Amino acid sequence: MAGVDTSEIRQWRSIVTLIAFVIANILVLWPFHIPVYVPKSVVDLTWRCFVYLRIIPASTHHAILNNKERCTKHFVRFNFPVNFITAPLIADLFLLAISAIGREEVHDGTVGANHIHPIDIMAFFITLAYIAISIDASGIIRWLAFKVLSWGGKVGHRLFFYLYAFFFLLGSFIGNDPIILSGTAFLAYMTRVSKNISSPRAWIFSQFAIANIASAILVSSNPTNLVLAGAFNIKFIVYTANMIVPVVVTAIVLFPFLLYVVFADEKLIPSEIEMHTLPQAAREKEPVNPNIPYVQHEAEETAESGEGRQEMTLSLANIMNPFLDRKGAAFGALIMSATLITVLAINAASTGTGEIPVFWVTVPAAFVMFCWDLGSGWVHRHETRQTAATYKKEMETARAERALERSAASKDGSEPKSNTTSGVSDAGDGVAANDMQTESIALKNVSDTNDHPNSQFDIPKLVVSNTAGNSPVIISGSEPQSPAQKSNPSPGDEDTLHAQNMSALPSAQMDSEKLEAGDFRQTTKQPIDRPNLVSKSREACEWLQETFPTVMAVAAHLPFALVPFAFAMFVLVQALVSTGWVNVFAWGWYHWSKRTGTIGSIGGMAFLSVVLSNFSGTNIGTTILLSRIIQAWKEINCAVDTSLITDRTYWATIYSMALGVNYGAFSTAFSASLAGLLWRDILARKHIHVKSHEFARVNFPIIAISMAVGCLVLRSK
1 MAGVDTSEIR QWRSIVTLIA FVIANILVLW PFHIPVYVPK SVVDLTWRCF
51 VYLRIIPAST HHAILNNKER CTKHFVRFNF PVNFITAPLI ADLFLLAISA
101 IGREEVHDGT VGANHIHPID IMAFFITLAY IAISIDASGI IRWLAFKVLS
151 WGGKVGHRLF FYLYAFFFLL GSFIGNDPII LSGTAFLAYM TRVSKNISSP
201 RAWIFSQFAI ANIASAILVS SNPTNLVLAG AFNIKFIVYT ANMIVPVVVT
251 AIVLFPFLLY VVFADEKLIP SEIEMHTLPQ AAREKEPVNP NIPYVQHEAE
301 ETAESGEGRQ EMTLSLANIM NPFLDRKGAA FGALIMSATL ITVLAINAAS
351 TGTGEIPVFW VTVPAAFVMF CWDLGSGWVH RHETRQTAAT YKKEMETARA
401 ERALERSAAS KDGSEPKSNT TSGVSDAGDG VAANDMQTES IALKNVSDTN
451 DHPNSQFDIP KLVVSNTAGN SPVIISGSEP QSPAQKSNPS PGDEDTLHAQ
501 NMSALPSAQM DSEKLEAGDF RQTTKQPIDR PNLVSKSREA CEWLQETFPT
551 VMAVAAHLPF ALVPFAFAMF VLVQALVSTG WVNVFAWGWY HWSKRTGTIG
601 SIGGMAFLSV VLSNFSGTNI GTTILLSRII QAWKEINCAV DTSLITDRTY
651 WATIYSMALG VNYGAFSTAF SASLAGLLWR DILARKHIHV KSHEFARVNF
701 PIIAISMAVG CLVLRSK
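When we follow the UniProt record's numbering, the leftmost residue of the sequence shown carries the number 1, and every step to the right adds one.
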């Protein structure tokens with residue numbers, strides 16, 4: 001019984017390991033920043049070296065040392081993030097430092113042990129995610145959602161059903177991430193342009209729930225399914241055959257519950273939806289690929305500025321006139337279908353010895369998709385660059401006009417604004433600051449310059465641009481400046497921009513929102529930025545975005561953060577295995593299943609998997625931990641009482657966990673899944689802010705009915 005020994009937990013290293021595991025999971029649930037104070041002289045010396053080596057611009061060094069919020073007389077504050085990436089990693093490093101874990105735990109937690117191979121799982125999931133997100137980048141999901149919206153018409157309940165079924169069918173095929181990426185934004189726009197939908201709550205929560213429910217069908221749809229199938233040697237086709245009935249029944253029963261119980265409010269899901277109409281000119285306009293830089297800038301800025309009518313038109317255009325790359329969508333769908341069919345066939349044909357890793361199929365498929373995206377971008381590079389330049393020019397012009405309008409409005413009101421921002425934004429934290437004396441600059445509209453017919457020269461315009469992607473500001477004086485005027489300025493000439501006031505102009509790195517507000521701060525002589533690694537990297541990134549927009553858009557949305565998090569959690573759970581804690585938990589589960597039987601095992605594991613998804617490092621960490629516990633539980637049964645666990649109880653427990661870790665994503669905490677964190681961030685960018693207590697309150701009845709139905713169907717099987 002060495003495999004189920006629990007004597008090691010009495011050692012101090014075992015106790016510290018458990019404490020580190022618990023604390024790491026608490027920090028994943030409630031992330032924060034730790035202020036780190038570094039001597040100002042050290043920061044100054046380090047940044048001077050970076051500037052000298054041309055790694056960072058000189059303006060960044062200047063901004064940090066003049067940032068009043070971060071700098072004291074002798075120290076500079078830096079914020080160290082403690083979140084779902086750093087917390088498990090710090091716990092692993094701490095356990096390594098005290099020798100609580102060693103090489104074996106790190107190896108088993110990365111390369112793999114007991115049929116769980118983290119590297120294979122991550123390679124499979126990331127490469128398959130590339131194909132799925134590339135399909136999404138083609139615009140097919142937004143286009144299909146528009147078609148569903150057209151079919152649903154103005155009947156609210158019918159449209160709600162159509163969208164519900166659409167997200168379920170699509171999510172069961174390509175997983176929940178693409179549905180959340182495009183579907184969430186689509187619903188945000190749709191509810192915004194509706195006249196009688198008071199809140200998007202019913203639509204966005206239903207979409208999030210059904211996307212995660214659908215992801216439980218295929219092994220490839222969710223990394224939790226990959227961990228579970230690998231841990232128990234489940235064939236992919238067998239997994240789908242056992243999960244499809246509980247999932248489909250859950251989706252069928254949940255729909256009327258959502259419509260008539262949870263969201264039974266005419267203001268949330270009206271019987272007849274009244275939509276604003278898209279102007280004819282916007283309807284006839286050729287849709288533009290939103291992955292091209294600056295194309296979406298107009299919609300984002302109008303949403304932030306609160307220009308209601310223009311924002312409404314742009315939101316309508318996003319849903320009523322969507323972009324679709326037909327060739328890219330068709331090729332992506334073909335690659336995805338061929339990949340999934342091949343994976344299922346190879347996995348079903350494997351005999352258990354000499355198995356072919358499934359990522360051997362997905363890596364070449366993702367590479368083919370990547371080459372298609374590269375080739376498509378290169379072929380159309382001239383058009384995309386021209387489109388990006390056109391929209392960039394429009395964005396810069398619009399920002400300059402808004403800056404002039406706000407400055408004129410401020411001047412006409414009472415006093416010009418003298419509240420200022422910093423001259424340079426901090427590239428590290430995005431915090432703009434500069435502790436300098438303020439001075440207002442009166443800006444006059446260019447059209448007003450026609451009041452000076454006797455002027456012999458054109459009114460001079462100064463265009464201030466920057467290299468960070470922000471817009472230029474056009475500053476126009478009311479009269480041309482002569483050398484005499486520059487040397488002897490007239491006190492009453494407020495509209496003339498003098499040479500000595502040049503230091504009050506915004507620097508190249510000024511935050512665009514503050515720049516538009518017309519709030520500038522007089523600065524001392526700003527350092528001149530020479531070409532450096534940061535600026536060249538920025539230029540290279542912009543060139544790549546304009547040349548290969550699809551590749552860059554997909555890369556920006558790939559779940560790379562999942563990789564360090566998953567590896568760190570695998571190592572942490574392996575530490576619990578080696579220190580005996582998993583065996584302790586397995587003994588507890590042994591006694592529970594012995595007393596409650598199959599029904600108790602289904603209900604108990606369903607409850608544990610949902611609860612731990614919220615408190616044990618997302619549903620991925622929960623799957624890793626519970627899989628190890630069930631493996632140890634089987635060892636205990638083989639050593640103690642081989643007749644205790646029947647195949648029915650054993651597999652019912654496993655599939656109950658599969659339901660719980662998938663459904664647990666829409667329970668009480670955003671951090672129950674990485675999809676929840678992504679969903680919250682997308683909504684926040686669309687100016688829909690979901691509070692943590694609202695997320696838990698709305699999801700509680702949804703997760704309760706979903707798990708109850710799923711477990712009942714599982715029990716009946």
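In this text, a Cβ means the ideal position worked out from N, Cα and C, and glycines have one as well. On a predicted model such as this, the values are computed, not experimentally measured, just so you know.
Of the other Cβ atoms in all chains shown, fewer than 16 fall within 10 Å of the Cβ of Trp151; this residue is therefore exposed.
In the displayed model, Pro57 falls within coil according to three-state DSSP, outside both helix and strand.
The beta carbon of Gln574 sits closer than 6 Å to those of Glu105, Asp108 and Gly109, all from its chain and outside the five residues before and after it, given in chain order.
Judged by beta-carbon spacing, Asp529 lies within the 7 Å limit of Pro57, meaning their Cβ atoms are closer than that value.
Residue state for Asn79 is assigned as strand, using DSSP reduced to three classes.
Among the bridge pairs identified by DSSP, Ser194 is matched with Met275. Under the three-state reduction of DSSP output, Tyr37 falls in the strand class.
Residue nearest to Gly676 within the set Val22, Ser198, Ala403 and Ile210 is Ile210 (criterion: CA-CA distance). At the C-beta level, Thr17 and Ile620 stay beyond 7 Å of one another. Here DSSP, grouped into helix, strand and coil, assigns Ile116 to strand. Leu374 sits away from Phe167, with the two beta carbons spaced by 7 Å or more. For Ser537, same chain residues with a beta-carbon under 8 Å away, outside a window of 5 residues either side, do not exist. Contact between Ile9 and Val584 is confirmed by a C-beta separation of about 6 Å, below the 8 Å threshold. With fewer than 16 other Cβ atoms from the protein chains shown falling within 10 Å of its own Cβ, Pro81 counts as exposed.
Here the alpha carbon of Thr622 sits roughly 24 Å from the alpha carbon of Ser206. Within the same chain, Cβ atoms closer than 6 Å to the Cβ of Ala317 are found at Ala282, the five residues on either side in sequence being excluded.
Close CB contacts of Ala145 within its chain, under the 6 Å cut and outside five residues either way in sequence, are with Phe186 (chain order). Under a 10 Å Cβ-count criterion, Pro279 is classified as exposed, with fewer than 16 other Cβ atoms of the shown protein chains found around its own Cβ. Runs of the alpha helix (DSSP H) spanning 4 or more residues and lying entirely within the stretch 152-190 occur at 156-174, in chain order. Counting along the chain, Leu544 sits inside the alpha helix (DSSP H) bounded by residues Leu533 to Thr547.
Per DSSP, reduced to three states, the secondary structure at Phe263 is coil, with no helix or strand assignment. Sixteen is the threshold: when 16 or more other Cβ atoms of the shown chains lie within 10 Å of the Cβ of Pro270, as they do, the residue is buried. The beta carbon of Phe255 sits closer than 8 Å to those of Phe161 and Tyr164, all from its chain and outside the five residues before and after it, given in chain order. Within the same chain, Ile629 and Trp633 come within 7 Å of Trp589 by CB-CB distance, once the 5 residues on both sides are set aside. Minimum Cα-Cα distance from Met336 among the listed residues Leu324, Asp325 and Val361 corresponds to Val361. Beta-bridge pairing by DSSP links Phe695 to no other residue. In this structure the stretch 114-123 does not lie against the stretch 599-612, because fewer than three pairs of beta carbons, one per stretch, are closer than 8 Å. Boundaries of the alpha helix (DSSP H) around Ser376: Phe359 to Val379.
The DSSP-derived three-state label of Phe84 is coil. Under the criterion of beta carbons closer than 8 Å, Met243 and Ala214 do not qualify as touching, at roughly 11 Å. If you check the CB distance, Pro293 and Glu694 do not come in under 7 Å. The three-state reading of DSSP puts Phe32 in strand, counting E and B together.
By the CB criterion at 7 Å, Ala658 and Leu228 fall inside the cutoff.
Cβ-Cβ separation between Arg201 and Leu268: approximately 6 Å, consistent with a contact (criterion under 8 Å). For Glu635, the enclosing alpha helix (DSSP H) covers residues Thr618 to Val640. It is roughly 29 Å from the alpha-carbon of Arg715 to the alpha-carbon of Leu674.
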